[in-house]
Every structure is written in structure tokens, then in C-alpha cells.
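First comes the structure, then the notes that go with it.
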Amino acid sequence: MQAANEIICNAAAIKVLLENDWNYLTCTRCSRKFVGDDGDPWCAKCEAKVETPISRFLLLFEVEDNTGSAIFLALDSEVQKLITELSLYFPSNLEYQPLYAPVYTVQ
Numbered sequence: 001m002q003a004a005n006e007i008i009c010n011a012a013a014i015k016v017l018l019e020n021d022w023n024y025l026t027c028t029r030c031s032r033k034f035v036g037d038d039g040d041p042w043c044a045k046c047e048a049k050v051e052t053p054i055s056r057f058l059l060l061f062e063v064e065d066n067t068g069s070a071i072f073l074a075l076d077s078e079v080q081k082l083i084t085e086l087s088l089y090f091p092s093n094l095e096y097q098p099l100y101a102p103v104y105t106v107q
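What follows is the structure, encoded as C-alpha cells:
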């Protein structure tokens with residue numbers, strides 16, 4: 001059953017937009033993005049040092065269908081699901097080589 005505030009869109013992701021930061025570190029207590037000075041991570045909300053930050057993800061996708069294109073935002077939980085699903089389709093011996101554009105090599 002579809003939720004009242006949910007829109008289902010059949011579109012293809014044609015590009016991942018990497019111009020902005022795609023991951024960030026969060027506080028382990030409140031899950032808020034923290035600010036660190038001189039390598040000392042500090043959470044303003046908790047007013048405490050963050051001992052073991054958690055990496056979270058945020059991706060922007062350009063998607064299109066037969067009516068046009070749009071930018072979609074995927075937050076951490078959705079990115080984690082996507083990574084898990086994609087890992088099923090790629091062999092474990094896939095090696096990423098960072099160049100101007102992502103290049104994948106299968107050995």
C-alpha cells in the first residue's frame with residue numbers, strides 16, 4: 001500500500017552527481033553531522049567530543065523518464081540498500097581505479 005506522502009516514479013538513473021560531498025561523519029549519540037577543529041571532532045548538539053564517528057552517505061542522482069529529467073536525493077539508508085543490491089551484481093574481484101572518470105577492472 002502506498003503512503004499518502006509517497007510518490008512512485010518509474011525513471012532511470014542516468015548519472016550520479018559527485019560535485020558535492022557524498023559522505024559525511026556523524027555523531028554516534030545523535031546522528032548529526034559534526035564540526036571538528038584541528039582533527040578534534042565535536043558535536044554542538046551533544047556538546048561533547050565524538051570519539052568514534054559514523055560515516056553516512058548522501059547521493060544526488062540525475063534521473064529521467066519519458067517526460068524529462070530531475071534530480072533525486074538518496075539519504076544514507078537508501079544508499080546503503082543500493083550498495084547492498086549493487087554488490088550482488090558485481091563480482092568480488094572488481095577493482096576500482098580512481099581516474100578522471102570511474103574505471104572498473106575485472107581480474
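Under this note's numbering, residues 1 to 107 are what the sequence shown spells out, in order. Backbone N, C-alpha and C define an ideal beta-carbon position, used for all residues, glycine too. Remember, it's a predicted structure, so these values are computed and weren't measured experimentally.
Legend entry - Cys27 to Thr52 span [Cα, whole Å]: 8 Å
Legend entry - N-terminal and C-terminal residue of the alpha helix (DSSP H) that Leu86 is part of: Asp76 to Ser87
Legend entry - the region 61-76 / the region 5-22 touching (three or more Cβ pairs under 8 Å): yes
Legend entry - Residues bridged to Thr26 (per DSSP): Lys33 and Ile54
Legend entry - Cβ distance (whole Å) where Arg56 is taken to contact Lys45 below 8 Å: The Cβ separation is near 15 Å, so there is no contact.
Inset, instruction - Kindly indicate which three-state DSSP category Lys49 falls into: helix, strand or coil? - result: strand
Legend entry - Leu18 in three-state terms, based on DSSP: coil
Inset, instruction - In angstroms with no decimal places, state the Cα-to-Cα distance between Asp65 and Ala4. - result: 23 Å
Inset, instruction - For Leu86, count neighbouring Cβ atoms within 10 angstroms of its own Cβ and tell me buried if that reaches 16, exposed if not. - result: exposed
Inset, instruction - State the CB to CB distance for the pair Leu54 and Leu82, rounded to an integer number of angstroms; the pair is presumed to be in contact (CB under 8 Å). - result: It should be noted that the sequence gives Ile, not Leu, for residue 54. With a Cβ gap of about 18 Å, Ile54 and Leu82 do not count as contacting.
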